[in-house]
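Contents: one structure, followed by commentary.
Structure representation (structure tokens):
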């Protein structure tokens, strides 16, 4: 598992290659801005800021000789923001690429968006995704 950062802030159409690696750190206290963190039994969290451009958590799978790979995951917003003026909309979507370099391909119907208001979005579970 590896974190990536991008040369510019990612958006809903970002399928470009990453600019470099971004470390995933152990959970030791409050999450710091601009970090990707291993939350142990609670998954992985990320907190971006205006200039960090972190935006990818990558899991490498060796699928050589395999067919009909299925992926399932749950996404959840953990922080509701609060000001309603400068809150950031965070999103997640499943992408893939073959090999270690190049652009990613987005898999349809796998997008989770966190709102920019004071309300938390409920968790969403995506199961048995295999339409690539």
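Residue numbers (our numbering): 402 to 533. We put the beta carbon where it would ideally sit given N, CA and C, even for glycine.
{"Asked": "Nearest neighbour of residue 500, chosen from 467, 470, 509 and 462 [CA to CA]", "Found": "462"}
{"Asked": "Residue environment, residue 427, which counts as buried when at least 16 other CB atoms sit within 10 Å", "Found": "exposed"}
{"Asked": "Beta carbon of residue 455 nearer than 8 angstroms to that of residue 406", "Found": "yes"}
{"Asked": "Cβ distance (whole Å) where residue 473 is taken to contact residue 439 below 8 angstroms", "Found": "With 8 angstroms as the limit, residue 473 and residue 439 do not qualify as a contact, their Cβ atoms being about 19 angstroms apart."}
{"Asked": "8 angstroms Cβ cutoff met for residue 506 and residue 494", "Found": "no"}
{"Asked": "Limits of the beta strand (DSSP E) - the one that residue 498 falls within", "Found": "Counting along the chain, residue 498 falls outside any beta strand (DSSP E), and DSSP gives it neither H nor E."}
{"Asked": "Range of the contiguous beta strand (DSSP E) that encloses residue 529", "Found": "525 to 530"}
{"Asked": "Beta-ladder partner(s) of residue 438, from DSSP", "Found": "426 and 446"}
{"Asked": "Contacts around residue 364, its chain only, beta-carbon distance under 8 angstroms, and the 5 residues preceding and following it disregarded", "Found": "This structure leaves residue 364 out entirely; the chain is present only between 402 and 533."}
{"Asked": "For residue 408, the first and last residue of its enclosing beta strand (DSSP E)", "Found": "From DSSP, residue 408 is part of no beta strand (DSSP E); its letter is neither H nor E."}
{"Asked": "Three-state class that DSSP yields for residue 493 in the structure shown", "Found": "strand"}
{"Asked": "Bounding residues of the beta strand (DSSP E) (the contiguous stretch that carries residue 505)", "Found": "It is not in any beta strand (DSSP E) - residue 505 carries neither H nor E in the DSSP assignment."}
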